[in-house]
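> I'd like to ask some things about the structure below.
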C-alpha cells in the first residue's frame, strides 16, 4: 500500500536517491499493467458488435500471448473462448481487467475484482465527471475509495487504457490492424482519440512505441504515475504526452522535473484556450488552468512544450532517430527540386528563423564544389543548390553531397526533395539511386541526414521513398519548417543537459 | 513608349482614375504576353535533350494553339516543325520570344528581335547579376538599354517566364504533364522552383490559375508590372506572390497599395533572414532588405503576408473557394475521428489561438442535439463531438450537422475527418455517404464548409475524398491550424474592406 499512498498524496519527491527508488518501484508495480500474464474483458457477449466483444477480438488478432478471459452475464462463446458469467468464476489469476459495462454496475464489479485480487482495472465505461453532473462525479469518488480499500489501481474511467507492442496489447477495441513494433518512445494521452492518432502516425512514420496509455478522467492513476514508470523503463528513451489538465498539479510538476533529468519529455497541452478548456472539461472532467501557467510550469520543469499533433510526432521522431545528437550547424540542400533557388532561399529562412545556423562551408569545400558544379545557376554556398542538369548527371551530385557532409563546420545535412518536380525530369530509377545514396551515406558516417519530402503530385512515389528513408533511420518531415523545429528541440534538450551535468539522473 | 517609361521610373500613382487607367493599359499591353498568337523559341536544335527543344515540345504537348517558331543556327526539324536558323527568317509576326542561348549572344538576339518588331522577350538564359560579377551585371544594363531603344519588354533573365492555362502555355520546359485548368488565381514568383511547386500544388488542390509568371532577375518587367496587370485582369480574383526583393521598392509599395483596393494580395517574402537573403542575391540578384521593413511595408499596403509555401497555397485556396465570404464564428466538429474528444479540444485551441470564435449554440440547437446524440461520451456544445456509435448509425449524424449549420450563430462549419481512424470502424461506403452528405449540404445552403483531412494510414482513400470535396468547392486542409489561419486571413481582408468603403477600387 506504500506506493499507492505516495501516488495519491502530494508528497514532494526528495533527493535523487529517493526519486530513483520511487521510479523503480513504479516500474515493478506497473509490470502487470503493460506486460500482464492474463487479461479479463468484462462486458462481452456472443454479439460480436458489442464493444467488450470487439475488445476480445482485438486482443486475439493483435496476438496477445497471455490468457484472455471474456466475462458477460449471458455466457456463451466468442472467438472460440468461453464467456464466464462472472469474473469470480475465472479459474486462473487475473492481472488486468478491461471494463465495458454500464456505469451503474461499476461498484459491484469492483467487489468482484477485490474478491479475485485483481491489481488493475481499466474502465472504458464513460459518463462520470465529464458529464459535470454531481451524481456521476460522486460515483467516481466511491470507485476510488473502494479501489483503495482493496489495493486496486484504476485506469480511467472514460478511456482506452494501455497499449504495448511488445506484449501485443493493441490500443482500444478497434485496432487499426497494426499496433506497430516495439520501440523506445513512451506516450501518455489524456485523450483516446489523440492516442489513436499517435499510434496511427507511429506506424506510418516509424515512431516505435515501448508503452503507451490513455487514462481519460484519471481518477486514480494519472500522468504522474505513468511518467514515473516510463522514466524508469529502460526501453523508453523519450516520452511524449498529450495532457488536458490535472487534479494534482504540484505532484505533476515535481514528477516532470525529475523525469526530464532522466530523458526528454515532450508535452502537448490541450485545452489551452477557454473554448478548448471548456471542451476538455466535458471530455475528461479535468481542471485546466491558464495557458501561461502551464507553459511556465513546463518550461520550469524542463519539458519540451509542443502545440499540435504534428509537432508532437515530429519531436518524438527526431529524438527516437537521432539518439543523443546535438548540433546547431546545418547544411541545407534546398534545391533538390531541380534548380529551385527559391526553395533554397525559403529553406534558409525556415532554418534561421527556427534558431539554426547555416555555417559557411570551408574555402576548400567551396572550391571543390565550384569545380564540380560550375558557377551559373547554382548557389555555391550553404544552402547548396543543385541544378536539374547536375541531378540528371552521374555521380557529380553524390560527390558534391559528400563534400558538404565532410565539411568540419557541418553537423547535420538537411535535404529537400520535391518528388513531383523530380519525377518530371528524372526517371524513377534515378530518384531511387539518389535516395539509395542518402541511405548509404547515412550508414557510412556519423552526421545525421534529414530529408524533407513535401506532398505533391507524386504521392505513391513520395510515400515509397519516405518509407525507405525512415527504415534507414533518416527522419522525414513534410515541410522545412517542421524539420527545423524538430532539430531545434533536440539540440536544445541535449545542449541544456550537457551544460548542467548535476541535473542528470541515472536510471535503470 | 508612354507605359514603358511609366513602369521604369518611380512615378507615384496619383488618383483612383489615374490608377485605373494605368492598370487597364497594362492589361492591354500584356495581352500578347499571356495570350500570344505566336511564340518563337530561340536555342532549339534537332537534339531533343536541349532546353530550347524541350520548350518547343512542352508548348506542343500542352496544346498551345498559336504559331510555334523554333529557332536554332543548326536548322533541321523538331517535332515536325522547321527550325529557322535565325529569328529574322520567321515568316509571320512574333508576339513572344523564349530565349535559351548562351549569355554571350543575348545582345545580338535583341537586335534580331528589334528587326522583327518583337514586343516581349523572355530570357531563360542565366548567369547575369545573380553571379555577383561586374561584367555580367553590366551586360544586364546593356540588355535593358537596347530593349528600351526598341520598345521591347524583357521578362527575366534567369527565369521560367509565363504560364497561362487558358492559352495553354505551360510553365517551363519540363511541364508536369498538367498545367491545370483556367481559374481565378493569379501568381507572381521570383523563383521558378517556387512557381513550379505552386502549379503542382494547384493541380492537386484545385487552385486554378488565371495567369502566372516567374520573372527571375526582373531587370525590366518586375513584380509591380505584373501586379498591375493582374489587378486589372477581370478573370483574376486573388493574387499570390513569392518575392525575394526588388530594386524599386517605392514603386512596388505604391502598386501593392492600389492592387489591394481591387483584390486580395497574398505575399510570401523569401530571403527574410540573412542566410535567406544571401541565397536570394545568388539566386535572382535581388537587393533584399530587412524582414521588419518588408513586413511593415506589406502590412501598410494591406497585403496579406504569409511565411511558407503551405500558407501561401492555403490562403489562395480559401480566397478562391469562398469568394467574398467573411465571418469569425465557427462551429467545429473535431471528433469525426470517432469519439475523439481530444481532437475537439485541440481543434478548439487551434481556432481560438488563430483568433476565431467558437460561439455557443442556441439553446434550441443544444436541446435538439441532446435529444439526438445523448449525453454520455459526447460534447454537446461547440466544438461538437460525434461518437463512433453515432457515426455508424443512419442519418443521426446528418441531422446533427444540419442542426449545427442552421444555428444562426454559426457562419462556417469546420470538420475534421481522420480517414485511417474512420475506416478502422466504418465501411468505405459509409465514409463515402458521410462525405456525399457534406457535398450535398454545401450545395443546399450558403454557409461554407471546410474539411480538415490529416494524412494517416489510409492515404489513397484520403486523397480520393479530398478530390471529391475540392471538386465540390469545399476547401480541404491537412491540419486544423492551417485551416484556421486561412479562415482568419479571408475574414480579415473582407472585414477591413467593408469597414473602409472608400478604399474600394472598381476595376475591369
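Residue numbers (the numbering used here), protein chains in the order written: chain H, 7 to 514; chain S, 7 to 514. For glycine and all other residues, C-beta sits at the position ideal for the given N, C-alpha and C.
1. Jot down the residue ranges of each uninterrupted beta strand (DSSP E) in the stretch 220 to 275 of chain H, minimum 3 residues, whole runs only, in chain order.
2. Using a 10 Å radius around the Cβ and a threshold of 16 neighbouring Cβ atoms, would you call residue 128 of chain S buried or exposed?
3. What ranges does the alpha helix (DSSP H) occupy inside the stretch 111 to 164 of chain S, keeping only unbroken runs of at least 4 residues that lie completely in it?
4. Are any of the Cβ atoms in chain H nearer than 8 Å to that of residue 174 of chain S?
5. Specify whether the stretch 225 to 242 of chain S and the stretch 201 to 211 of chain S touch according to this definition: at least 3 beta carbon pairs, one from each stretch, less than 8 Å apart.
6. Is any beta-carbon of chain S found at less than 8 Å from that of residue 419 of chain H?
7. Taking residue 168 of chain H as the query, report the chain S residues whose CB atoms sit under 8 Å from its CB, ordered along the chain.
8. For residue 248 of chain S, return the contacting residues in chain H, with the cut-off set at a CB-CB distance below 7 Å.
9. Is the shortest distance between the beta-carbon of residue 1 of chain S and the beta-carbons of chain H less than 8 Å?
10. In three-state terms, what does DSSP make of residue 459 of chain S?
11. So with Cβ pairs under 8 Å, would you call residue 371 of chain H a contact of chain S?
12. Residue 468 of chain S: which of S:331, S:428, S:119 sits nearest, CA to CA?
13. Using beta carbons (cut-off 8 Å, strictly below), is residue 110 of chain S in contact with chain H?
14. Can you pull the DSSP bridge partners for residue 193 of chain S?
15. Residue 311 of chain H lies in the beta strand (DSSP E); which residues open and close that run?
16. To test your reading of the DSSP string, which unbroken beta strand (DSSP E) runs of 3 or more residues are found completely within the stretch 42 to 119 of chain H?
17. Can you grab the Cα-Cα spacing for the pair residue 500 of chain H / residue 328 of chain H, in whole Å?
18. Bridge partners of residue 363 of chain H, per DSSP?
19. Is DSSP giving residue 210 of chain S helix, strand or coil here?
20. Spatial neighbours of residue 29 of chain S within its chain, please: C-beta separation below 7 Å, excluding the five flanking residues on both sides.
21. Just to confirm the assignment, what range does the alpha helix (DSSP H) spanning residue 407 of chain S have?
22. Where residue 314 of chain S and residue 135 of chain H are concerned, what is the direct C-alpha to C-alpha distance, given to the nearest angstrom?
23. Could you check the C-alpha separation between residue 65 of chain S and residue 113 of chain S for me, to the nearest Å?
24. Have a look at the DSSP bridge pairing and note the partners of residue 483 of chain S.
25. Mark residue 298 of chain S as exposed unless 16 or more other C-beta atoms lie within 10 angstroms of its C-beta, in which case mark it buried.
26. Three or more beta-carbon pairs under 8 Å between the stretch 89 to 102 of chain S and the stretch 213 to 227 of chain S, yes or no?
27. Leaving aside the five residues before and after residue 85 of chain H along the sequence, list all residues of the same chain whose C-beta is less than 7 Å from its C-beta, in chain order.
28. Smallest Cα separation from residue 413 of chain H: which of H:398, H:365, H:423?
29. According to DSSP, is residue 187 of chain S helix, strand or coil?
30. Starting from the Cα of residue 396 of chain S, find the closest Cα among S:223, S:407, S:388, S:370 and give me that residue.
31. At a CB distance below 7 Å, what residues from the stretch 197 to 224 of chain H approach chain S? Give them in sequence order.
32. Please classify residue 422 of chain S: does DSSP put it in a helix, a strand, or coil?
33. Closest Cβ-Cβ distance between residue 436 of chain H and chain S: below 8 Å?
34. What does residue 1 of chain H touch in chain S if you count any residue whose Cβ is under 8 Å from its own?
35. Taking the beta strand (DSSP E) that residue 168 of chain H falls in, what are its first and last residues?
36. Since residue 324 of chain S sits in a beta bridge, which residues does DSSP pair it with?
Considering the structure as presented:
1. 244 to 249, 271 to 275
2. buried
3. 112 to 121, 140 to 155
4. no
5. no
6. no
7. Ordered by position in chain S, no residue passes the 8 Å Cβ test against residue 168 of chain H, which lies about 17 Å from the chain.
8. 348
9. Residue 1 of chain S lies beyond the residue range present for chain S, which begins at 7 and ends at 514; the question has no answer from this structure.
10. coil
11. no
12. S:428
13. no
14. S:218, S:246
15. 310 to 312
16. 44 to 48, 73 to 77, 102 to 105
17. 11 Å
18. H:335
19. helix
20. 234, 237, 238, 513
21. 402 to 412
22. 43 Å
23. 25 Å
24. S:458
25. exposed
26. no
27. 62, 63, 66
28. H:365
29. coil
30. S:407
31. 197, 198, 199, 200, 202, 203, 206, 207, 209, 210
32. strand
33. no
34. In the structure as shown, chain H begins at 7 and stops at 514. Residue 1 of chain H is therefore absent and cannot be evaluated.
35. 167 to 169
36. BP columns for residue 324 of chain S are empty, so no partner.
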